[in-house]
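All remarks here apply to the structure that follows.
Now the structure itself:
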């Protein structure tokens, strides 16, 4: 892994863990939120 900084990759993975858990638990909330925001963009 000469191209990637190992410590940087580990740091990013640790930061992303809570986001992944939240997205897995709240799939329905994320889907409805995306639908409403996309419909707002289309109405402008």
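Numbering (the numbering used here), first residue to last: 7 to 50. We put the beta carbon where it would ideally sit given N, CA and C, even for glycine. As the structure is a computational prediction, the values presented were derived from the model and not from experiment.
How big is the Cα-Cα spacing for residue 18 and residue 33?
Position 12 of the chain shown, counted from the start, is the residue given in the question as residue 18. Position 27 of the chain shown, counted from the start, is the residue given in the question as residue 33. Rounded to the nearest angstrom, the two C-alpha atoms are 22 Å apart.
Assuming residue 10 is part of the alpha helix (DSSP H), what are its boundary residues?
Translated into positions along the chain shown, residue 10 becomes position 4. Where residue 10 is concerned, there is no enclosing alpha helix (DSSP H), given that its DSSP letter is neither H nor E.
When you compare only the Cα positions, how much space is there between residue 15 and residue 9?
Taking the chain shown and counting its residues from 1, the one referred to as residue 15 is at position 9. Taking the chain shown and counting its residues from 1, the one referred to as residue 9 is at position 3. Per the coordinates, the alpha-carbon of residue 15 lies some 11 Å from the alpha-carbon of residue 9.
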